[in-house]
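Residue numbers (my numbering), protein chains in the order written: chain A, 242 to 588; chain B, 242 to 588. Working notes, structure below.
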């Protein structure tokens, strides 16, 4: 995957704009020297930062615009006045084939509506999804939708399965990624109607490019029992946030426990190598970046508060996604699924 | 709260039946000497275990039945042939006022249908909920519904708020517990329609016995920013399981980190006092027990796999709930809310 890859950066997105975006790109370029960049935004703010990164400057083109989506803008405002903004232009660069992927740390709601507007949903897709990389005790899995939309019908859940599988193929290099539907465990209420319908379609449709494993529960996500976990966006977003909150909570407990006595402090100091490994494991910056799937182009959302290391992870993710030709492949997968599903439904 | 309290125990519930239920009750009796028990189940299995706990035996009555709900029974099977089972009889003892609370480690689905059948929902309640105690960095909060039903309309979410508040009043001894509605953070999709409707009703209804705080996100549950978190059962169950899974996952990381080198091992040994505190903090047995709310009687579900310590926590929870007269109080709260809501709706 050392092919050239051009990244469109919304340089004004996030809490710090170019101050984070530019050093983030520089970090990513060190890992992937074949990258080049188009940076969209206020050149008066971008250029001084870029001047401090000669290597990056040589691989970058700055495209000026005065317009920027604010972190506080509502999606409806972004819709009305987003045209020509740094976020819009980055997406347009992907749409027009000038770049392979767009990365923005701008606000999620705005990025969602603009990405949908500029890149357009793939044929047959009503709802794009946001996919998150979720650390597991084995490695990582993909969870989607983590909040592009609330609710999903059975067909949309099946589309999510296809999308997540395409992403897993790109990132994990497995031809038939294992896929589970997130559900609740109690027999009586074995999931909402749409989850059960999606289950039967995924189970009964022959020849899908996935290894469908049935239902999984919330506590199995982190165990890494499947490559892809499918869920509608309300519960998916709550699951993601809850996991983040629990990790923070346990860090808090751990810190308190390790500083409660002189002996604990001494022990913690001796074990600092171990704690360093743990800290890396739990570093949310390593898994930064939500991927918009189901659009005719790749858009990556970085956390608005990410630092340069976090933003570099989001760029790396975009690079991996672009390298795998995910859009072409996913388009074909979805078309095949629709055909097979229609065949089942009309049997 | 040293008033006498009689607990109805489904002695056959859970993975181990009386082998866990009886020692669990003995543990709880040590903490609360004013407890007494009725144990329902197979006396040939109960009596030998009870004989090893003289103190408990003196405060217990064994009521024999041959029938027991199996852990693998479907709720529909429990419905058909549950009558007269140890679970059923424990619930009946509460219904008939012979006991103050029923505790079972039997299967959730069966307990749900039998509890609904025997205890009946409160006036105006279509859906009981299961409430969980959730550890926070401050202390604990209550989250409901964690899986009694999938989905909830706006009125049901408001009922959950009342139920959770009544439980918080009983356990946390605050007159106006703070309540939040679990939602997703993205502006555009600020929650499902029913969540928004419930939000406006809780906000605009004057004189409710709660301190309504608006929306909360998944990562705020563990921060303890409210006493009660309200969510429909699908997302609630997924949140609960995901938090459990994340805690397990981090324990796994921590263990690996502390055994990776001799120095880490030595440090961990010195810090073992701190680790012990951490382990206690994260011990799921401390928060064992889901409470069925919205029924004319109190039923507590213990984890099926809980040990005696875990089962004792579930009994303790039932004891606290009974001592607060929660059923009477909640019935009055719900009636008042209905009246006020009707007034708003017909304005």
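Virtual Cβ for every residue (Gly too), placed ideally from N, Cα, C.
Review point. Which of the residues in the stretch 492 to 513 of chain B, read from start to end, lie with their CB under 9 Å from any CB of chain A?
Key: 492, 493, 494, 495, 497, 498, 499, 500, 501, 502, 504, 505, 506, 507, 508, 509, 510, 511, 512 and 513
Exercise for review: Taking C-beta pairs closer than 9 Å, name the residues in chain B that residue 482 (chain A) reaches, listed in chain order.
Suggested key: Counting from 1 along the first chain, the entry for residue 482 (chain A) is found at position 241. Residues of chain B passing the Cβ test: 425, 426, 458, 459, 460, 461, 462 and 480.
Exercise for review: Please confirm if residue 391 (chain A) has its CB atom under 8 Å from at least one CB of chain B.
Suggested key: Locating residue 391 (chain A) in the first chain gives position 150, where the first residue counts as 1. Residue 391 (chain A) counts as touching chain B.
Exercise for review: Pair every Cβ in the stretch 447 to 462 of chain B with every Cβ in the stretch 373 to 388 of chain B, then say whether three or more of these pairs are closer than 8 Å.
Suggested key: yes
Review point. In chain order, what residues of the same chain have a beta carbon less than 7 Å from the beta carbon of residue 270 (chain A), not counting five sequence neighbours either side?
Key: Locating residue 270 (chain A) in the first chain gives position 29, where the first residue counts as 1. The residues are 276, 296, 297 and 300.
Review point. What is the rounded straight-line gap between the Cα of residue 288 (chain B) and the Cα of residue 505 (chain A)?
Key: Here residue 288 (chain B) is taken as the residue at index 47 of the second chain, counted from 1. Here residue 505 (chain A) is taken as the residue at index 264 of the first chain, counted from 1. Straight-line Cα distance between these residues: approximately 46 Å.
Check your understanding: Is the beta carbon of residue 535 (chain B) sitting closer than 8 Å to the one on residue 362 (chain B)?
Key -> Counted from its first residue, the second chain places residue 535 (chain B) at position 294. Counted from its first residue, the second chain places residue 362 (chain B) at position 121. Yes.
**Study point:** DSSP state of residue 568 (chain B) mapped onto helix, strand, coil
**Key:** Here the question's residue 568 (chain B) lines up with position 327 in the second chain. DSSP places residue 568 (chain B) in helix when its eight states are reduced to three.
Practice item. State buried or exposed for residue 339 (chain B), treating a residue as buried only when at least 16 other CB atoms are found within 10 Å of its CB. Key: On the second chain, residue 339 (chain B) is found 98 positions in, with the first residue counted as 1. Flag for residue 339 (chain B) reads exposed.
Practice item. Please report how far the alpha carbon of residue 584 (chain A) lies from the alpha carbon of residue 446 (chain A), in whole angstroms. Key: To locate residue 584 (chain A), count along the first chain from 1; it is residue 343. To locate residue 446 (chain A), count along the first chain from 1; it is residue 205. Whole-angstrom Cα-Cα distance: 9 Å.
Exercise for review: Determine whether the Cβ of residue 519 (chain B) lies closer than 8 Å to any Cβ atom of chain A.
Suggested key: Position 278 of the second chain, counted from the first residue, corresponds to residue 519 (chain B). True, the Cβ-Cβ gap to chain A drops below 8 Å.
Practice item. Indicate whether at least one CB of chain B lies closer than 8 Å to the CB of residue 487 (chain A). Key: Indexing the first chain from 1 puts residue 487 (chain A) at position 246. Cβ-Cβ to chain B under 8 Å: yes for residue 487 (chain A).
Practice item. Could you spell out the range, first to last residue, of the alpha helix (DSSP H) harbouring residue 367 (chain B)? Key: The count along the second chain starts at 1 and reaches residue 367 (chain B) at position 126. Where residue 367 (chain B) is concerned, there is no enclosing alpha helix (DSSP H), given that its DSSP letter is neither H nor E.
Review point. Where in the stretch 255 to 280 of chain B do unbroken runs of the alpha helix (DSSP H), each at least 4 residues long, occur, reported from the N-terminal end onward?
Key: 259 to 272
**Study point:** Cα-Cα separation, residue 255 (chain B) to residue 542 (chain B)
**Key:** Taking the second chain and counting its residues from 1, one reaches residue 255 (chain B) at position 14. Taking the second chain and counting its residues from 1, one reaches residue 542 (chain B) at position 301. C-alpha separation (whole angstroms): 10 Å.
Check your understanding: With burial defined as no fewer than 16 other Cβ atoms inside 10 Å of the residue's Cβ, what is the status of residue 376 (chain B): buried or exposed?
Key -> Taking the first residue of the second chain as 1, we reach residue 376 (chain B) at position 135. Buried, because 16 or more other Cβ atoms sit within 10 Å of the Cβ of residue 376 (chain B).
Check your understanding: Assuming residue 550 (chain A) and residue 280 (chain A) make a contact with CB atoms under 8 Å, what is their CB distance in whole Å?
Key -> Sequence index remark: in the first chain, residue 550 (chain A) carries index 309 (1-based). Sequence index remark: in the first chain, residue 280 (chain A) carries index 39 (1-based). In fact, because the Cβ distance is near 19 Å, the residues do not count as touching under 8 Å.
Practice item. Count the other CB atoms, across all protein chains shown, that sit within 10 Å of the CB of residue 568 (chain A); report buried if there are 16 or more and exposed otherwise. Key: Indexing the first chain from 1 puts residue 568 (chain A) at position 327. Per the 10 Å Cβ criterion, buried.
Review point. Which runs of the beta strand (DSSP E) spanning at least 3 residues fall entirely within the stretch 466 to 519 of chain B, listed in chain order?
Key: 469 to 471
Check your understanding: Tell me the DSSP bridge mates of residue 345 (chain B)?
Key -> Numbered from 1 along the second chain, position 104 holds the residue referred to as residue 345 (chain B). DSSP output for residue 345 (chain B) lists B:542 as bridge partner(s).
Practice item. Report the residues of the stretch 282 to 293 of chain B with a CB closer than 8 Å to any CB of chain A, ordered along the chain. Key: none
Review point. Quick one: what does DSSP say residue 460 (chain A) is sitting in, helix, strand or coil?
Key: The residue you call residue 460 (chain A) lines up with position 219 of the first chain. Reduced to three states, the DSSP call for residue 460 (chain A) is helix.
**Study point:** Closest Cα partner of residue 264 (chain B) within the set B:548, B:578 and B:511
**Key:** For this step, residue 264 (chain B) is matched to residue 23 along the second chain. Here the closest residue by C-alpha is B:548.
**Study point:** Identified DSSP bridge partners for residue 375 (chain B)
**Key:** As a position in the second chain, residue 375 (chain B) is number 134, starting the count at 1. Bridge partners of residue 375 (chain B): B:382.
Exercise for review: Using the Cα positions of residue 416 (chain A) and residue 374 (chain A), report the straight-line distance between them to the nearest angstrom.
Suggested key: Here residue 416 (chain A) corresponds to residue number 175 of the first chain, with the count starting at 1. Here residue 374 (chain A) corresponds to residue number 133 of the first chain, with the count starting at 1. Approximately 18 Å, taken between the alpha carbons.
Review point. When DSSP labels each residue in this structure, what does residue 423 (chain B) get in the three-state scheme?
Key: Translated into positions along the second chain, residue 423 (chain B) becomes position 182. Reduced to three states, the DSSP call for residue 423 (chain B) is strand.
Review point. Counting Cβ pairs, one atom from each stretch, are 3 or more of them under 8 Å apart for the stretch 552 to 572 of chain B and the stretch 386 to 400 of chain B?
Key: no
**Study point:** Residue environment, residue 458 (chain A), which counts as buried when at least 16 other CB atoms sit within 10 Å
**Key:** Position 217 of the first chain holds residue 458 (chain A). With 16 or more other Cβ atoms within 10 Å, it is buried.
Check your understanding: Name the DSSP bridge partner or partners of residue 296 (chain B)?
Key -> What you label residue 296 (chain B) is simply residue 55 of the second chain in a count that begins at 1. Note: residue 296 (chain B) sits in no beta bridge, so no partner.
Review point. Which residues, in order along the stretch 388 to 414 of chain B, keep a beta-carbon less than 9 Å from a beta-carbon of chain A?
Key: 388, 389, 390, 391 and 392
Review point. So what's residue 304 (chain A) in DSSP terms, helix, strand or just coil?
Key: Reading the first chain from its first residue, position 63 is the one you call residue 304 (chain A). Strand, per DSSP.
Point to revise | Segment contact, 8 Å Cβ cut-off, at least three pairs: the stretch 432 to 444 of chain B with the stretch 344 to 363 of chain B | key: no
Point to revise | Distance, residue 472 (chain A) Cα to residue 425 (chain B) Cα | key: Against the second chain, residue 425 (chain B) aligns to sequence position 184. Against the first chain, residue 472 (chain A) aligns to sequence position 231. Answer to the nearest angstrom: the Cα atoms are 14 Å apart.
Check your understanding: Of all the CB atoms in chain A, is at least one closer than 8 Å to the CB of residue 378 (chain B)?
Key -> Against the second chain, residue 378 (chain B) aligns to sequence position 137. Interface residue, yes.
Point to revise | Three-state secondary structure (DSSP) of residue 291 (chain A) | key: Taking the first residue of the first chain as position 1, residue 291 (chain A) is located at position 50. Looking at residue 291 (chain A) - three-state DSSP - the assignment turns out to be helix.
Point to revise | CB contact below 8 Å: residue 476 (chain B) versus chain A | key: Within the second chain, the letter at position 235 stands for residue 476 (chain B). So yes, residue 476 (chain B) belongs to the interface.
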